[in-house]
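Before any comments, here is the structure.
Protein chains in written order, with the numbering used here: chain A, 980 to 1335; chain B, 980 to 1335.
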């Protein structure tokens, strides 16, 4: 039986993607070769890389003033690589701290320049997105984490600043339209809305580059990967291929505006149940609730085990909350069908009928 | 029709691995989940990572004084990361230059310490492995490229030194037994004998670490990945899973001693034909010939197109030589069946019968 997979990431991908991705491992495009054994210099893979790049551009409305790269090392590598490439020793960058991922980005950037943390929601265990702060004029960029998977918060509106924004969008990229002009850089580990783990998407405005005067190891220099179209060394062929399939699926579904509408509906369905059900409550302030990661707890913690058991019996997996928040977390990325959210909501109702 | 895949990498993997790897994309271990959607913190993936680690240890006879890591970024990342972690600003390391990959490793290491290139075969377009050189006493390590995919050379014996060796074994790891005690570190991009592209194996003697006093970004510090068992951040789940399947296959075949025997037989078969066939000749000196990448040319270059055409019609792919050498390159890694080498040899005989 196919499970209802609410994991925070790696996470659910569209079922048709799994089917095509499996077939390609046996025989890619009827070539007599597995996708796992084709050269990264082959016309077949060059075409996959080009299509993935173009689909990212089409979905987010990205023009030729931005570079689109498929790298490795996850967002964790971008935490330092972005600052290494974009923030000079004597330059200032502003950061907003909305949880563990922001905090890690801040820690790594501090090696390379003057990092000003202009706002933080740490005082309330990161249950909100800060609203009142000033970004210093002359900052090279303002770094944000657009969605926090652990605490279940998400920016609804971009910060009010003219400074170029760098966003770690690992957990909400392609979940809604974006105003690309506001961004100096976007990065995202693939393993939520984009594909399986093993590749990292980087979108970079050309004007952000080459302003630090710093000498950088070849593999850490964005210019290396720009000049070689993300294939300076052997790229992660299969993860990029599965991303390309997922991006095609996104286009077929109608793109990111359609996704936003569906994601809002799915999230509302679940948040309404959390708010109306007397046994449960949400963990973040209402206006900053994430539409990707819905965090909630049982008011009576002693019922937790029973609820998790009931989920398991219903084929619901990945619902246990992160240890920093406790309780439960339902990650409802693009590929999550509304039907699975309904299964969860019905189960919560039934649980309360029996335990209230 | 299944092709005879002589690509240098990504390259052929065992057919049973493709079959299991495809099934896991649809439904991993009958869990109702695709391997692409399972959490890297799930018991299922933790077990895969542990098994892959143990299989590497079992196959190469590696004890607890070494760490075994699955990272990302390829050998190209290890070129600088090894020196960043292991070579202090005022320390000396020796390097042997046997081709493009060595040269890149040398270039990146020069950022971090005193790099002495103790020998090079550049004078003869890298068609041999240097034999006469001295490694300075007190060198932190001696870096070698154990097999050169482009020029088709391979170390038959390790350099005569007491200095710990660091070897880039990307293209011949698991092709033969090794004397692990001689190595301070081994690294290898997965995409030849180990698995698909997307992960990098690092084997590291514990005593090599923490001798530079250098502060290192979290993701570039080997200690980070050691402390978190290669899962500090989200690892490339699928590439590591397919490596684990390939390592299981290696054990089932009888291990690296059996591989060495088969690889020697396959290589001899092809080199004999190159030496006996009046139209062809090898490009490297006989005693340093690689058993992984067999490089050869047609004495009459005008016949090249015809030979490549004939190969294509016979289902032979990936046989074109690298532009630095020209001609042909037959990569005959562990997973290459003897039958495919026989097809190539028969085709060479037939080509000569018709064109000599």
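For each residue, glycine too, the CB sits at the ideal point set by N, CA and C.
{"query": "CB of residue 1128 of chain A within 8 Å of CB of residue 1100 of chain A, strictly", "result": "no"}
{"query": "Coil, strand or helix - residue 1209 of chain B by DSSP", "result": "coil"}
{"query": "The stretch 1072-1085 of chain A / the stretch 1180-1192 of chain A touching (three or more Cβ pairs under 8 Å)", "result": "no"}
{"query": "Within 8 Å, strictly: CB atoms of residue 1153 of chain A and residue 1229 of chain A", "result": "yes"}
{"query": "Exposure of residue 1200 of chain A, with buried meaning 16 or more beta-carbon neighbours within 10 Å", "result": "buried"}
{"query": "Closer than 8 Å to chain A by CB, residue 1212 of chain B", "result": "yes"}
{"query": "Beta-carbon contacts of residue 1293 of chain B that lie in its chain and below 6 Å, excluding the five residues immediately before and after", "result": "1326"}
{"query": "Residue-level contact to chain B via CB, residue 1204 of chain A, 8 Å cutoff", "result": "no"}
{"query": "Through-space distance from residue 1296 of chain A to residue 1281 of chain A, alpha-carbon basis", "result": "20 Å"}
{"query": "Selection of the stretch 1180-1198 of chain A by Cβ proximity to chain B, strictly under 7 Å", "result": "1196, 1197, 1198"}
{"query": "Separation of residue 1275 of chain A from residue 1206 of chain A, as counted between CA atoms", "result": "46 Å"}
{"query": "Close beta carbons around residue 1060 of chain B, own chain, < 6 Å, minus the five adjacent residues each side", "result": "1199"}
{"query": "Exposure label - residue 1214 of chain B; buried when at least 16 CB within 10 Å", "result": "buried"}
{"query": "Residue closest to residue 1262 of chain A, alpha-carbon to alpha-carbon, out of A:1217, A:1309, A:1289, A:1237", "result": "A:1309"}
{"query": "Through-space distance from residue 1335 of chain A to residue 1050 of chain B, alpha-carbon basis", "result": "48 Å"}
{"query": "Chain A residues whose Cβ lies nearer than 8 Å to that of residue 1294 of chain B", "result": "1011"}
{"query": "Residue nearest to residue 1278 of chain B in terms of C-alpha spacing, selected from B:1256, B:1332, B:1092", "result": "B:1256"}
{"query": "Residue 1164 of chain B - DSSP class collapsed to helix/strand/coil", "result": "strand"}
{"query": "Start-to-end residues for the beta strand (DSSP E) that takes in residue 1049 of chain A", "result": "1045-1050"}
{"query": "CA-to-CA distance, residue 1290 of chain A to residue 1015 of chain B, given in whole angstroms", "result": "22 Å"}
{"query": "Exposure label - residue 1022 of chain B; buried when at least 16 CB within 10 Å", "result": "exposed"}
{"query": "Members of the stretch 1072-1101 of chain A that neighbour chain D once the beta carbon cut-off is set at 8 Å", "result": "Here the protein chains are A and B, and chain D is not one of them."}
{"query": "DSSP state of residue 1317 of chain A mapped onto helix, strand, coil", "result": "helix"}
{"query": "Residue 1261 of chain A - DSSP class collapsed to helix/strand/coil", "result": "strand"}
{"query": "Partner residues on chain B for residue 984 of chain A, Cβ-Cβ distance less than 7 Å", "result": "1012, 1016"}
{"query": "Opening and closing residue of the alpha helix (DSSP H) in which residue 1014 of chain B lies", "result": "Where residue 1014 of chain B is concerned, there is no enclosing alpha helix (DSSP H), given that its DSSP letter is neither H nor E."}
{"query": "Simplified DSSP assignment, three categories, for residue 1063 of chain B", "result": "helix"}
{"query": "Reduced DSSP category for residue 1331 of chain B - H, G, I as helix; E, B as strand; rest coil", "result": "helix"}
{"query": "Contained alpha helix (DSSP H) runs [length at least 4] in the stretch 1190-1259 of chain A, N- to C-terminal order", "result": "1201-1206, 1216-1232, 1235-1255"}
{"query": "Residue 1000 of chain A at chain B interface by Cβ criterion, 8 Å", "result": "yes"}
{"query": "Under 8 Å between C-beta atoms of residue 1072 of chain A and residue 1063 of chain A", "result": "no"}
{"query": "Entirely enclosed alpha helix (DSSP H) segments - the stretch 1070-1140 of chain B, minimum 4 residues", "result": "1079-1088"}
{"query": "N-terminal and C-terminal residue of the alpha helix (DSSP H) that residue 1032 of chain A is part of", "result": "1022-1039"}
{"query": "6 Å Cβ shell around residue 1046 of chain A - same chain, five flanking residues per side excluded", "result": "1183, 1205"}
{"query": "contact_flag[the stretch 1153-1165 of chain B, the stretch 1225-1243 of chain B] where n(CB pairs < 8 Å) is 3 or more", "result": "yes"}
{"query": "Endpoints, the beta strand (DSSP E) within which residue 1304 of chain A is located", "result": "Looking at the DSSP string, residue 1304 of chain A is not in any beta strand (DSSP E), and its letter there is neither H nor E."}
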